[in-house]
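Undergrad: I am attaching a structure below and will ask some questions about it afterwards.
Number of protein chains: 2
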Amino acid sequence: MKIGVFDSGIGGLTVVKSLLHHQLFEEIIYFGDTARVPYGSKDKNTIIRYAIEAVEFFKNFELDMIVVACNTVSAYALSEMRESATCPVIGVVDAGVLATANALKDKKSNILIIGTKATIASNAYEEGLKKLQFQNLQSTPTPLFVPLVEEEIFDGDILTSTLHHYFKNKKTPDALILGCTHFPLLSKTLQNYFGEKTLLIHSGDAIVEFLEKEFYFSKKYRDPKLKFFASENPDALRKIAQKWLYA
Amino acid sequence: MKIGVFDSGIGGLTVVKSLLHHQLFEEIIYFGDTARVPYGSKDKNTIIRYAIEAVEFFKNFELDMIVVACNTVSAYALSEMRESATCPVIGVVDAGVLATANALKDKKSNILIIGTKATIASNAYEEGLKKLQFQNLQSTPTPLFVPLVEEEIFDGDILTSTLHHYFKNKKTPDALILGCTHFPLLSKTLQNYFGEKTLLIHSGDAIVEFLEKEFYFSKKYRDPKLKFFASENPDALRKIAQKWLYA
Numbered sequence: 001m002k003i004g005v006f007d008s009g010i011g012g013l014t015v016v017k018s019l020l021h022h023q024l025f026e027e028i029i030y031f032g033d034t035a036r037v038p039y040g041s042k043d044k045n046t047i048i049r050y051a052i053e054a055v056e057f058f059k060n061f062e063l064d065m066i067v068v069a070c071n072t073v074s075a076y077a078l079s080e081m082r083e084s085a086t087c088p089v090i091g092v093v094d095a096g097v098l099a100t101a102n103a104l105k106d107k108k109s110n111i112l113i114i115g116t117k118a119t120i121a122s123n124a125y126e127e128g129l130k131k132l133q134f135q136n137l138q139s140t141p142t143p144l145f146v147p148l149v150e151e152e153i154f155d156g157d158i159l160t161s162t163l164h165h166y167f168k169n170k171k172t173p174d175a176l177i178l179g180c181t182h183f184p185l186l187s188k189t190l191q192n193y194f195g196e197k198t199l200l201i202h203s204g205d206a207i208v209e210f211l212e213k214e215f216y217f218s219k220k221y222r223d224p225k226l227k228f229f230a231s232e233n234p235d236a237l238r239k240i241a242q243k244w245l246y247a
Numbered sequence: 248m249k250i251g252v253f254d255s256g257i258g259g260l261t262v263v264k265s266l267l268h269h270q271l272f273e274e275i276i277y278f279g280d281t282a283r284v285p286y287g288s289k290d291k292n293t294i295i296r297y298a299i300e301a302v303e304f305f306k307n308f309e310l311d312m313i314v315v316a317c318n319t320v321s322a323y324a325l326s327e328m329r330e331s332a333t334c335p336v337i338g339v340v341d342a343g344v345l346a347t348a349n350a351l352k353d354k355k356s357n358i359l360i361i362g363t364k365a366t367i368a369s370n371a372y373e374e375g376l377k378k379l380q381f382q383n384l385q386s387t388p389t390p391l392f393v394p395l396v397e398e399e400i401f402d403g404d405i406l407t408s409t410l411h412h413y414f415k416n417k418k419t420p421d422a423l424i425l426g427c428t429h430f431p432l433l434s435k436t437l438q439n440y441f442g443e444k445t446l447l448i449h450s451g452d453a454i455v456e457f458l459e460k461e462f463y464f465s466k467k468y469r470d471p472k473l474k475f476f477a478s479e480n481p482d483a484l485r486k487i488a489q490k491w492l493y494a
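If you read the protein sequences in the order shown, they are chains A and B. Under the numbering used here, the first residue of the first sequence carries the number 1, and numbering increases by one thereafter. Under the numbering used here, the first residue of the second sequence carries the number 248, and numbering increases by one thereafter.
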C-alpha cells in the first residue's frame with residue numbers, strides 16, 4: 001500500500017508519526033504546501049483550489065489512498081478532492097468524529113472542538129457529531145496555537161495566558177478534539193490545563209483507528225519508505241520531519 | 248501621481264494610512280497577496296517569485312511608482328522587482344534606515360530591529376545602518392506579534408508575556424525599528440514597555456519622509472482615490488481597511 005499525505009505545511013507530520021508507529025503502509029509520500037501555508041486563515045475557495053492542486057501533484061505517483069492530514073482542508077475540500085482523485089481520499093475530520101464517538105458512550109458528553117478559524121467556522125466537526133446524536137458541543141478557534149508551536153513554545157507564561165484567553169469561559173470538556181495537526185504538540189499542556197479526565201482526540205491516532213476499523217487495515221509493514229515534498233524549501237521540511245518524527 | 252502599494256497581506260494598510268494622512272498621491276492601488284500570506288516565514292526564492300508576480304499585476308495599471316510596504320519583500324526582492332518593473336520601486340527598509348539615521352544624531356545610539364524571521368535573517372536593516380556608521384545594533388525576530396495583531400490582541404497578559412519572552416535580554420534601545428507593517432498597531436504597548444525615551448521607527452511614516460526628502464514630493468492631493476485588490480477575498484481586505492484606515 002502506497003499512500004499520499006497532504007497538509008498545508010508541517011503540521012501533518014503528527015499524522016505521519018501515528019501512521020509510522022502503526023506500520024499501516026509500505027510507502028508514504030508527504031506533500032506540504034509550505035509556499036502558501038497557513039490555510040487556516042484563508043478563504044473557502046482558495047482552500048479548495050489549493051487542495052485540488054495537491055491532488056494533481058499526487059497523480060505523479062500511483063497511490064492507493066490520499067490522507068488529508070490538514071483539518072482545514074478536510075473540513076472544506078474533501079468532496080472536491082474526491083472528484084479529482086483517482087484513489088480514495090480520507091480526511092482527519094471524519095476520522096476525528098468517529099474516534100470521539102467510539103470513545104464516548106454517553107451522548108450527553110461535553111465535547112470541546114478547537115482548530116483554526118476556518119476549521120471552526122466550517123462547523124464540520126459539529127455537523128458530524130450531531131449526526132451521531134452528540135448535542136453538548138462547544139467550539140472555539142485557537143489560531144495562536146499554530147505560531148506558538150512553530151516557535152517551539154510548548155509551555156510557560158505565554159502559553160498559560162493564551163490558554164486562559166481562549167478557555168476562561170469554557171466548561172471542562174469530557175473530550176477535547178485537537179482539530180489542527182499542530183495541536184498534538186501541546187497535548188501535555190492541554191491535558192494539564194483541563195485535567196486527566198478530559199480525553200484528547202488526536203487526528204493522527206484517529207486516522208489510524210479509522211483505517212483499522214472502517215477499512216479493515218491490519219497488515220503491518222516494517223520500515224515503510226518515506227518521501228517528503230514541499231512547494232518550497234523541502235530541505236527545511238525534511239529537517240523538521242527528522243525532529244518531530246524521531247524525537 | 249498614481250501609486251501601487253504591495254504587501255503580503257493586510258499589514259501594508261499601516262503604510263497606506265500614513266500616505267493618506269500626508270496626501271502625497273492622487274490614486275493608491277493596494278495589492279495584498281492574501282491567498283499566500285504570510286511571507287515572513289517563507290523562503291527567499293519564494294518571496295522573490297511572489298514579488299515579481301505582484302509587479303506583473305501592477306502592470307495592469309499605469310503607475311508612477313510602486314511602494315513595497317512589506318518589510319520582508321523589501322529585504323529580499325527589491326532589486327528583482329526593479330528589474331521587472333517599468334516604474335520606480337521603493338521599499339520600507341531603505342526608508343526605515345534613512346528615517347532612523349535622520350532621527351539619531353549619535354552614531355553610538357543603540358538600535359533594536361524587530362521583524363519577521365525572514366526580515367531579521369536578511370540583515371537588511373543592519374547592512375543599511377552599518378553603511379551609515381551605526382554599529383550599536385541588536386535585532387530579534389518577533390514573529391508572534393503578527394498573529395497577535397491579527398487576533399486584535401494589542402495588550403494584556405499574552406502580550407506582556409510575549410514582550411518579556413522576546414526582550415528580556417535586550418538593552419533598552421534609543422530607537423526601535425518596527426520592521427514589520429503589523430507592528431505599528433502595537434506601538435502604544437511597545438512604547439510603554441521600553442519607556443518614552445525609545446524612539447519608534449514606523450515604516451509608513453518613514454516612507455512619507457523618504458518621499459518628501461529623497462524624491463522632493465511636496466504637492467498635496469485632497470481626497471485621493473483608493474482601490475483594493477487581493478489574491479483572495481478582497482471584501483475581507485476592504486473591511487479591515489475600513490477599520491484600520493478610518494478608526
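Backbone N, C-alpha and C fix where the C-beta goes; we use that ideal spot for every residue, glycine too.
Grouping DSSP H, G and I as helix and E and B as strand, with all else coil, what is Thr333 (chain B)?
TA: In the structure shown, Thr333 (chain B) sits in coil (DSSP, three-state: anything other than H, G, I, E or B).
Undergrad: Going along chain A, which residues have a C-beta under 9 Å from Ser408 (chain B)?
TA: Here the neighbours are Gly156, Asp157, Ile158, Leu159, Thr160, Ser161, Thr162.
Undergrad: So that I know if they touch, is there some Cβ in chain B lying closer than 8 Å to that of Pro234 (chain A)?
TA: Closer than 8 Å: no.
Undergrad: Mapping the DSSP letters down to three states, classify Val284 (chain B) as helix, strand or coil.
TA: Three-state DSSP puts Val284 (chain B) in coil, outside helix and strand.
Undergrad: Please confirm whether Ala368 (chain B) has its beta-carbon closer than 8 Å to some beta-carbon of chain A.
TA: Chain A, which has no Cβ nearer than 8 Å to the Cβ of Ala368 (chain B), makes this no.
Undergrad: From the beta carbon of His165 (chain A), is the nearest beta carbon of chain B less than 8 Å away?
TA: His165 (chain A) counts as touching chain B.
Undergrad: So with Cβ pairs under 8 Å, would you call Asp254 (chain B) a contact of chain A?
TA: No, its Cβ sits nowhere closer than 8 Å to a Cβ of chain A.
Undergrad: Can you give me the C-alpha to C-alpha distance between Ala298 (chain B) and Pro38 (chain A), rounded to a whole angstrom?
TA: Going by the C-alpha atoms only, they are around 18 Å apart.
Undergrad: Can you tell me the Cα-Cα spacing of Ile3 (chain A) and Glu83 (chain A), whole angstroms?
TA: Computed Cα separation, rounded: 18 Å.
Undergrad: Which residues in chain B have a C-beta closer than 8 Å to the C-beta of Ala35 (chain A)? List them in chain order.
TA: Those within 8 Å of Ala35 (chain A) in chain B are Arg283, Lys289, Asp290, Thr293.
Undergrad: Rounded to whole angstroms, what's the CA-CA distance from Pro481 (chain B) to Ala494 (chain B)? Just pull it up for me.
TA: Taking the straight line joining both Cα atoms gives about 19 Å.
Undergrad: Can you say whether Asp223 (chain A) is buried or exposed, counting buried as having 16 or more other CB atoms within 10 angstroms of its CB?
TA: By the neighbour-count rule (16 or more Cβ atoms within 10 Å), Asp223 (chain A) is not buried but exposed.
Undergrad: On the criterion of 16 or more Cβ atoms from any shown chain inside 10 Å, does Asp452 (chain B) qualify as buried, or is it exposed?
TA: Asp452 (chain B) is buried by the Cβ-count criterion.
Undergrad: Assuming Phe457 (chain B) contacts Ala371 (chain B) (C-beta within less than 8 Å), just tell me the rounded distance between them.
TA: In fact, because the Cβ distance is near 15 Å, the residues do not count as touching under 8 Å.
Undergrad: Sorted by chain position, which residues of the same chain lie with C-beta nearer than 6 Å to Met248 (chain B)'s C-beta, five sequence neighbours on each side aside?
TA: Within the same chain, Met248 (chain B) has close Cβ partners Phe272, Glu273, Asp311.
Undergrad: Tell me whether Leu132 (chain A) is buried or exposed, calling it buried when 16 or more other Cβ atoms sit within 10 Å of its Cβ.
TA: Exposed, because fewer than 16 other Cβ atoms sit within 10 Å of the Cβ of Leu132 (chain A).
Undergrad: Check whether the Cβ atoms of Leu185 (chain A) and Glu398 (chain B) sit closer than 8 Å, and answer yes or no.
TA: No, Cβ-Cβ distance for Leu185 (chain A) and Glu398 (chain B) is not below 8 Å.
Undergrad: Is the Cβ of Leu144 (chain A) closer than 8 Å to any Cβ of chain B?
TA: Taking Cβ atoms only, chain B reaches closer than 8 Å to Leu144 (chain A), which makes this a yes.
Undergrad: Please report the residue range of the alpha helix (DSSP H) in which Glu209 (chain A) lies.
TA: Looking at the DSSP string, the run of the alpha helix (DSSP H) that includes Glu209 (chain A) is 203-214.
Undergrad: Buried or exposed for Tyr272 (chain A), going by 16 or more other Cβ atoms inside 10 Å?
TA: Residue 272 (chain A) falls outside the range modelled here, since chain A spans only 1 to 247, and no answer is possible.
Undergrad: Based on DSSP bridge pairs, tell me the residues matched to Ala477 (chain B).
TA: DSSP lists B:Gly279 as partners of Ala477 (chain B).
Undergrad: Would you check whether the ligand NAP has a heavy atom nearer than 7 Å to the C-beta of Arg329 (chain B)?
TA: With respect to small molecules bound, the structure shown includes none, and the ligand NAP cannot be examined in it.
Undergrad: Please classify Thr366 (chain B): is it buried, with 16 or more other beta-carbons within 10 angstroms of its beta-carbon, or exposed?
TA: The residue is buried, with at least 16 neighbouring Cβ atoms inside 10 Å.
Undergrad: Could you compute how far the alpha carbon of Gly115 (chain A) sits from the alpha carbon of Ser41 (chain A)?
TA: Roughly 11 Å separates the two Cα atoms.
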